[in-house]
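For reference, the structure discussed in these notes is given below.
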Amino acid sequence: MTTHVLATAGHVDHGKSTLVRALTGTDPDRWDEEKERGLTIDLGFAHTTLGVDQGVSLIDVPGHIRFLKNMLAGVGAVDACVFVVAAPESWMPQSEEHLRILELLGVDRGVIAVTQSGLVDQDLLELALLDVSERVTGTFLEDAAVVPVDSVDGSGLDELRQALADLLADTPEAADRQRPRLWVDRSFAPAGAGTVVTGTLTGGSIAVGQTLAVVPGGTDVRVRSLQSHFSAADRLGPGTRAAVNLTGIDHHAIERGHALVKPDQWHEATTVDASLTVLASLDHDVSRRGAFVAYIGSGEHPVRLRVLGPDRLGPGTTGAVRLHLATPLPLLPGDRFVLRDMGRGETVGGGELLDVDPRVAAARARPDGSVDRVVRERGRVTVDELERLTGERRNPTLGRWVTDPEAVTATAADLAARAEAAGPLGVDLAELNDWDRAVLETTQAVTVDQGRVKVAGAGDHLADHPFLAELEASPFDPPDADDVDRAELAELVRRGQVLVADGNWYAPSAVDAAEVVVAGLLAEKPEGVTVAEVRDALGTTRKHALPLLSLLDGRGATRRRGDVRIAGPRLGQTGPIAR
Ligand SMILES: Nc1nc2c(ncn2[C@@H]2O[C@H](COP(=O)(O)OP(=O)(O)OP(=O)(O)O)[C@@H](O)[C@H]2O)c(=O)[nH]1
Ligand SMILES: [Mg+2]
């Protein structure tokens, strides 16, 4: 069974609700007031099956201008429309306005029902059909089937059903992008059931037991049960009308215009850049002045508007605008909106969101909806963040980021500059963040040597540090290290280029040489040699003989026994005698 969601559209009293009832058996006018007045105030919902396996959900909208807000809440996520024009009155103002709104929202297909056909003679019917086909020329309904019907006497209904079946056979099923979003159009609390919200589910599936987030607000809720048109389901896919029973939220805390989404999957946008197409019928330019509201998803949101580039847009033109929302919404580039001016009570135009988190100042912003630009403006963006901002999941190009080549080059240059500034010792690797480290792998400009980031090819200044030469010049009577840079000294010791014992510093070659001398002594006196004998043999003082011997003890060349040193287990194995 495929399912599609359709909305009605058309002027007040042209027979939308009557047609929905004739097609589905359900009266979409739910409220007593609606039934009494014969006027649709709010959205109505009905369901039918065409043929054996084509499920159709119908959202019935009000035609009266006063309830345009409710109409807009209903048509945001539909696959197609049933456009209703009454034969006796033919094209009327809300026929026009609804058509414009559907166009602005990106609805791209539908059927046209010319209703109340039994109330006019053949000539008038022909006139109405002609009028309608002229009105829709150049719009998405240009090639739509136009079917005369009378919902009261039933004539034409079979043809309309067939036209709908043909339309839906050609209509792709709602895409599953694993990114479910349900714009809430109703929230209520049936006795004993907690909170129930309804809406048109798009972008992905939701399942019983799943945790979802309410935006705005971010409240986590759990799906207790699911229904579509009163039949229970464990899971509902995109392109279905969904009634979701939630735990974790009071029904007053979630309302029309809010959205249910997966936690952490959506950027919550408050400033967005968008294209705005101004209706050709508008009699003035659009500038930042106006009491604007944007209809996005199922909601009505006051916005501040700024035209990007020029400061105004003329009727019939398209340009870029920046919108500031009062409440954050889970939005993506490609989402559609309709803009109205509440002060003038008119529909201004509408368009498509291009950037849900603009980075460039309005004066310079040139939004275009491209994923590459989002990456370029940021330099780097994690794959998760990129998906939140664009809906697109890309493979990372470096570490966990999708990167702009210029940003990688810039960071590499920055690393080189830091290494340069840090001098010969370089920068401690521990000071670099994840991004720096990732870039490090890609650049030849710096190298990592023993945990320090250094300018590549700078050579190792520590290898010929002057202190080493001083130590080697007087191996058994070496100088102190008071004038040596502490960090450099520590690094020399860490590398083993300088040996330290009892606060004295020695060249490794000095200890090697001492080992040769002591080995010679021990060859003659295997029973052991004294410190004094070693001191004399090295021609040094006790101050240095003691640390040198303890360094030899340390490497296992000698070993203490009472007052003397004897051969250690590794005598001749680590020093120059072995080599
Ligand atoms: N004879 C006849 N009467 C119709 C037909 N369609 C609607 N009507 C009548 O026209 C009146 C208005 O019909 P509705 O279905 O309420 O019109 P609507 O488009 O839903 O109106 P709103 O929702 O308020 O915009 C009602 O009295 C209907 O009985 C039709 O095809 N034939
Ligand atoms: Mg109605």
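Counting in my numbering, the sequence shown runs from 768 upward without gaps.
For every residue, glycine included, the Cβ atom is placed at its ideal position computed from N, Cα and C.
Practice task
Find out if the Cβ-Cβ distance for the pair L744, A1061 is shorter than 8 Å.
Solution key: In the structure as shown, the chain begins at 768 and stops at 1346. Residue 744 is therefore absent and cannot be evaluated.
Handout entry: Reference S900, options R928, L924, S862, closest by Cα
Key = If you number the sequence shown from 1, residue 900 lands on position 133. S900 has its Cα closest to that of S862, out of R928, L924, S862.
Exercise for the section: Taking only heavy atoms of ligand 2 into account, decide whether any of them is closer than 7 Å to the Cβ of T807. Expected result: Residue mapping note: residue 807 aligns to position 40 of the sequence shown, counting from 1. It does: the Cβ of T807 is within 7 Å (strictly closer) of some heavy atom of ligand 2.
Handout entry: S1276 - DSSP class collapsed to helix/strand/coil
Key = The residue given as residue 1276 occupies position 509 in the sequence shown. Note: S1276 maps to helix in three-state DSSP.
Problem - Contact set for R1346: own chain, Cβ-Cβ below 6 Å, skip 5 residues either direction - result: Numbered from its first residue, the sequence shown carries residue 1346 at position 579. Only weak support exists for where R1346 lies, its pLDDT of 45 falling under 50; the value from the coordinates is given anyway. Short of 6 Å from the beta carbon of R1346, and not among the five residues preceding or following it, lies no beta carbon of its own chain.
Practice task
Put N1162 into one of helix, strand or coil per three-state DSSP.
Solution key: Indexing the sequence shown from 1 puts residue 1162 at position 395. Coil, per DSSP.
Exercise for the section: Compute the Euclidean distance between the alpha carbons of P1125 and A958, then round it to the nearest angstrom. Expected result: As a first step, residue 1125 must be located in the sequence shown, where it is residue number 358. As a first step, residue 958 must be located in the sequence shown, where it is residue number 191. Approximately 45 Å between the Cα atoms of the pair.
Practice task
Per DSSP, which residues does D943 bridge with? Please list them.
Solution key: Here residue 943 is taken as the residue at index 176 of the sequence shown, counted from 1. Assignment of beta-bridge partners to D943 by DSSP yields G970.
Exercise for the section: Report yes if the CB atom of D938 is closer than 8 Å to the CB atom of R876, and no otherwise. Expected result: Indexing the sequence shown from 1 puts residue 938 at position 171. Indexing the sequence shown from 1 puts residue 876 at position 109. Here the sequence assigns Thr to residue 938, which means Asp is not the residue at that position. In contact: T938 and R876 (Cβ atoms closer than 8 Å).
Exercise for the section: Reducing DSSP to helix, strand and coil, say where F834 ends up. Expected result: The residue labelled residue 834 in the question sits at position 67 within the sequence shown. Three-state DSSP puts F834 in a helix.
Practice task
May I ask you to verify whether the region 1040–1050 touches the region 976–995, counting CB pairs closer than 8 Å and requiring at least 3?
Solution key: Too few Cβ pairs lie closer than 8 Å, so no.
Handout entry: Status (buried if at least 16 other CB within 10 Å, exposed otherwise) for A745
Key = The requested residue 745 does not occur in the structure, where the chain is confined to residues 768 to 1346.
Handout entry: Backbone CA spacing between K1310 and L1288 [nearest angstrom]
Key = On the sequence shown, residue 1310 is found 543 positions in, with the first residue counted as 1. On the sequence shown, residue 1288 is found 521 positions in, with the first residue counted as 1. Going from the Cα of K1310 to the Cα of L1288 covers about 20 Å.
Problem - N- and C-terminal bounds of the beta strand (DSSP E) containing I868 - result: Mapped onto the sequence shown, residue 868 falls at position 101. Following the DSSP letters along the chain, one finds I868 in no beta strand (DSSP E) but inside the alpha helix (DSSP H) bounded by residues 860–871.
Problem - chain D contact for L790 (CB, 8 Å cutoff) - result: As a matter of chain content, chain D is missing from the structure shown, which is built from one protein chain.
Practice task
Compare the Cα-Cα distances from R1133 to each of L1207, D1151, A1087 and report the closest residue.
Solution key: Translated into positions along the sequence shown, residue 1133 becomes position 366. Residue A1087 holds the alpha-carbon nearest to the alpha-carbon of R1133 among L1207, D1151, A1087.
Handout entry: C-alpha distance - R1160 paired with F1234, whole-angstrom precision
Key = In the sequence shown, residue 1160 corresponds to position 393, counting from 1. In the sequence shown, residue 1234 corresponds to position 467, counting from 1. CA-CA distance, R1160 to F1234, rounds to 56 Å.
Exercise for the section: Using only alpha-carbon positions, find the residue among R1103, V1220, A1197 that is nearest to A1179. Expected result: On the sequence shown, residue 1179 is found 412 positions in, with the first residue counted as 1. With distances taken between CA atoms, A1179 lies nearest to V1220 out of R1103, V1220, A1197.
Exercise for the section: Identify which residue in L1256, V1138, N1012 has its Cα closest to the Cα of L1192. Expected result: Looking up residue 1192 in the sequence shown gives position 425. Answer by Cα proximity: L1256.
Problem - Rounded straight-line distance, which links the Cα of L1259 to that of D1348 - result: Beyond the ends of the chain as shown, which are 768 and 1346, falls residue 1348; an answer cannot be given.
Handout entry: Selected residue, minimal CA-CA separation from Q945, among V1301, E1154, A854
Key = The sequence position of residue 945 within the sequence shown is 178, counting from 1. Checking every option, the nearest Cα to that of Q945 belongs to E1154.
Practice task
Identify whether Q821 lies in helix, strand or coil by the three-state DSSP scheme.
Solution key: To locate residue 821, count along the sequence shown from 1; it is residue 54. Q821: strand per DSSP, three-state reduction.
Practice task
Please work out which residues of its chain come closer than 8 Å, Cβ to Cβ, to R788, disregarding the five sequence neighbours upstream and downstream, and give them in chain order.
Solution key: Working through the sequence shown from its first residue, we reach residue 788 at position 21. Cβ neighbours of R788 within its own chain (closer than 8 Å, five residues either side excluded): D794, P795, A813, S918.
Practice task
Compare the C-alpha of D952 against each of P860, M838, D910, D1031 and name the closest.
Solution key: Counted from its first residue, the sequence shown places residue 952 at position 185. It is M838.
Exercise for the section: With DSSP as the reference, label H1018 as helix, strand or coil. Expected result: Here residue 1018 refers to the residue found at position 251 of the sequence shown. Three-state result, H1018: helix.
Practice task
Flag this pair as yes or no: are the beta carbons of A1183 and V1213 separated by less than 8 Å?
Solution key: For the purposes of this step, residue 1183 is taken as the residue at position 416 of the sequence shown. For the purposes of this step, residue 1213 is taken as the residue at position 446 of the sequence shown. Yes. Within cutoff.
Practice task
Run the CB neighbour count on V772, radius 10 Å, all protein chains shown included, and call it buried at 16 or more, exposed below.
Solution key: Taking the first residue of the sequence shown as position 1, residue 772 is located at position 5. V772 sits buried, since 16 or more C-beta atoms from the chains shown fall within 10 Å of its C-beta.
Handout entry: H1091: first and last residue of the uninterrupted beta strand (DSSP E) it sits in
Key = For the purposes of this step, residue 1091 is taken as the residue at position 324 of the sequence shown. 1085–1097 is the extent of the beta strand (DSSP E) around H1091.
Problem - Proximity below 8 Å, CB of A1205 to CB of V1194 - result: Position 438 of the sequence shown, counted from the first residue, corresponds to residue 1205. Position 427 of the sequence shown, counted from the first residue, corresponds to residue 1194. Going by C-beta atoms, A1205 is not nearer than 8 Å to V1194.
Practice task
Take the Cβ of G950 as the centre, count every other Cβ of all protein chains shown within 10 Å, and call the residue buried at 16 or more, exposed below.
Solution key: Residue 950 sits at position 183 when you count from the first residue of the sequence shown. A quick correction: the sequence has Trp, not Gly, at residue 950. With 16 or more other Cβ atoms inside 10 Å of its own Cβ, W950 counts as buried.
Exercise for the section: Between the Cα of F834 and those of R1089, T815, G1323, E801, spot the shortest distance and give me the residue it belongs to. Expected result: Translated into the one-based positions of the sequence shown, residue 834 becomes position 67. Cα-wise, what sits closest to F834 is E801.
Problem - Test item: CB-CB of R1167 and V1150 under 8 Å - result: Here residue 1167 refers to the residue found at position 400 of the sequence shown. Here residue 1150 refers to the residue found at position 383 of the sequence shown. Taking the C-beta atoms as reference points, V1150 is found nearer than 8 Å to R1167.
Exercise for the section: Return helix, strand or coil for P1069, following the three-state DSSP convention. Expected result: Counting from one through the sequence shown, the residue named residue 1069 turns up at place 302. Reduced to three states, the DSSP call for P1069 is strand.
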